[in-house]
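Under my numbering, think of the first position of the sequence shown as 1, with each following residue one higher.
Let me begin by presenting the structure, written as structure tokens, before commenting on it.
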Amino acid sequence: MPVVTMRQLLDSGVHFGHQTRRWNPKMKRFIFTERNGIYIIDLQQSLSYIDRAYEFIKATVAHGGTVLFVGTKKQAQEAIAEQAMRVGQPYVNQRWLGGMLTNFQTVSKRIQRMKELEEINFEDVAGSGHTKKELLLLQRELTKLENNLGGIRNLTKAPSIIWVVDTKKEHLAIDEAKKLNIPVVAILDTNCDPDEVDFPIPGNDDAIRAVNLLTRVVADAVAEGLIARNNRASGNDAAAVEEPLAEWERELLEGSTAEEAPAAEAPAAEAQATEAPATEEAPAAEEAPAAEGAAEAEKSESK
């Protein structure tokens with residue numbers, strides 16, 4: 001089953017690019033034609049690039065990676081937050097703060113500050129130990145921190161991948177990701193630079209339906225990766241409890257037990273063999289004196 005169909009891309013308007021006067025010549029290879037002064041994106045290429053990005057995201061998440069969803073333009077804010085929360089991934093949909101990746105140590109301190117403010121009961125003035133004015137200022141600070149950092153509250157280290165809607169608007173995020181060698185998966189409209197993105201998806205980054213569809217596809221890839229990760233973890237736990245022997249190991253074990261059985265029988269046979277001559281020598285020893293007595297009798301008679 002394909003990740004997404006051509007009909008879904010068409011219905012969502014993924015094929016509509018920008019006006020012909022607003023374009024990047026590097027995007028020429030992704031353009032199918034031009035209609036009424038608007039470039040039309042080649043959706044056949046979009047499908048292949050979607051599949052490529054999908055497999056990369058799924059494999060990365062399956063091996064323990066995280067995906068940071070980034071989209072601060074109005075058309076993307078709702079989809080970014082909704083799909084990221086659906087699969088438990090961090091997101092930024094209000095404002096990209098400079099150094100959010102490259103200066104993560106400072107950002108993590110602000111996240112800790114936000115969590116401390118969340119523990120304050122702003123309705124209990126007497127029990128809070130603050131005046132009304134102080135509580136008002138602290139509440140404003142908390143609101144600001146939640147808007148900017150609420151989506152990355154559980155992010156403890158740099159993400160493995162970032163998903164970007166509109167590379168021109170989110171150029172700060174892309175620059176920081178490139179400095180840290182973090183792969184970038186992004187929608188490329190006809191006015192974007194494909195050289196800035198590791199896994200491009202040619203498409204419309206302005207239409208709400210197009211952004212919703214492509215962001216949902218990315219979230220689906222994350223979900224598949226999480227399922228694969230959990231299945232592998234549960235499989236390892238079961239193997240740790242009782243690991244079945246391989247066929248060659250069973251054969252080797254059976255062969256060793258078969259060799260031990262004849263080896264145990266051999267000493268018993270040798271013991272019987274050593275006891276038999278002893279019993280046979282006893283009559284011979286008894287017969288010897290009798291034979292000697294008969295010989296002496298014959299000698300005396302002959303004399």
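Glycine is no exception: its CB is placed at the ideal position from the N, C-alpha and C atoms.
If you follow the beta strand (DSSP E) that residue i is in, where does it begin and where does it stop?
| i | result |
| --- | --- |
| VAL185 | 184 to 188 |
| THR33 | 31 to 35 |
| ILE161 | 161 to 164 |
| VAL70 | 67 to 70 |
| PRO202 | 199 to 202 |
Would you mind sorting residue i into buried or exposed? The rule is 16 or more other CB atoms within 10 Å of its CB.
| i | result |
| --- | --- |
| HIS63 | exposed |
| PRO90 | buried |
| GLU280 | For GLU280, the predicted model reports a pLDDT of 44, less than 50, meaning its position is unreliable; a value from the coordinates is still stated below. The residue is exposed, with fewer than 16 neighbouring Cβ atoms inside 10 Å. |
| ILE174 | buried |
| ILE304 | A query on residue 304 cannot be resolved here, the shown segment of the chain reaching from 1 to 303 and no further. |
| GLY127 | exposed |
| GLN112 | exposed |
| ASN93 | buried |
| SER12 | buried |
| VAL125 | exposed |
| THR143 | exposed |
| THR5 | exposed |
| THR131 | exposed |
| GLU170 | buried |
| GLU176 | buried |
Going by beta-carbon coordinates alone, are residue i and residue j separated by less than 8 Å?
| i | j | result |
| --- | --- | --- |
| ILE201 | ILE182 | no |
| ALA98 | THR106 | Checking the sequence shown, residue 98 turns out to be Gly, not Ala. No, they are not a contact pair. |
| ALA223 | TYR54 | no |
| VAL338 | ILE152 | This structure leaves residue 338 out entirely; the chain is present only between 1 and 303. |
| VAL197 | VAL184 | yes |
| ILE50 | ASP42 | no |
| SER46 | VAL14 | yes |
| ASP189 | LYS26 | no |
| ASP166 | ASN24 | no |
| ARG52 | ASN191 | no |
| ARG86 | LEU149 | no |
| ARG216 | GLN83 | yes |
| LYS28 | GLY225 | no |
| VAL61 | ARG232 | no |
| LEU180 | TRP96 | no |
| PHE199 | PHE104 | no |
Return the first residue and the last residue of the alpha helix (DSSP H) that residue i is part of.
| i | result |
| --- | --- |
| VAL107 | 104 to 118 |
| ARG7 | 6 to 12 |
| THR60 | 43 to 62 |
| GLU80 | Looking at the sequence provided, one finds Ile at residue 80 rather than Glu. Taken as a continuous stretch (DSSP letters only), the alpha helix (DSSP H) holding ILE80 covers 74 to 86. |
| HIS171 | 171 to 179 |
| LEU138 | 132 to 149 |
| GLY308 | As shown, the chain starts at 1 and ends at 303. That puts residue 308 outside it, with no answer to give. |
| VAL3 | Where VAL3 is concerned, there is no enclosing alpha helix (DSSP H), given that its DSSP letter is neither H nor E. |
| ALA126 | 125 to 128 |
Looking only at C-alpha atoms, which of the options sits nearest to residue i?
| i | options | result |
| --- | --- | --- |
| THR336 | PRO159, TRP23, LEU10 and HIS18 | Coverage of the chain is limited to positions 1 through 303, which leaves residue 336 absent and any answer about it impossible. |
| LEU68 | ASP198, VAL164 and LEU145 | VAL164 |
| GLU146 | SER46, MET114, ILE174 and LEU155 | MET114 |
| GLY203 | PRO2, VAL3 and LEU10 | LEU10 |
| GLU119 | LEU135, PHE104 and SER108 | LEU135 |
| LEU213 | ALA79, HIS171 and ASP193 | ALA79 |
| ILE40 | HIS130, ALA177, PHE16 and THR5 | PHE16 |
| LEU155 | ASN230, LYS168, GLY88 and ASN121 | GLY88 |
| ASP44 | GLY65, ARG7 and PHE56 | Note that residue 44 is Gln in the sequence shown, not Asp. Answer by Cα proximity: ARG7. |
| THR66 | SER48, LYS157 and GLU123 | LYS157 |
Against chain D, does residue i count as a neighbour if the rule is that its beta carbon must be under 8 Å from one of theirs?
| i | result |
| --- | --- |
| ARG21 | Of the protein chains in this structure there is only one, and it is not chain D. |
Indicate, with yes or no, if the ligand NAD has a heavy atom lying under 7 Å from the CB of residue i.
| i | result |
| --- | --- |
| ILE182 | This structure simply doesn't include the ligand NAD, nor any ligand for that matter. |
Check your understanding: For the 8 Å Cβ check, are there 3 or more pairs between the region 198 to 211 and the region 69 to 77?
Key -> As far as the Cβ criterion goes, the region 198 to 211 touches the region 69 to 77, which means the pair count is three or higher.
Point to revise | Touching by the beta-carbon criterion (3+ pairs, under 8 Å), the region 26 to 43 and the region 133 to 146 | key: As far as the Cβ criterion goes, the region 26 to 43 does not touch the region 133 to 146, which means the pair count is below three.
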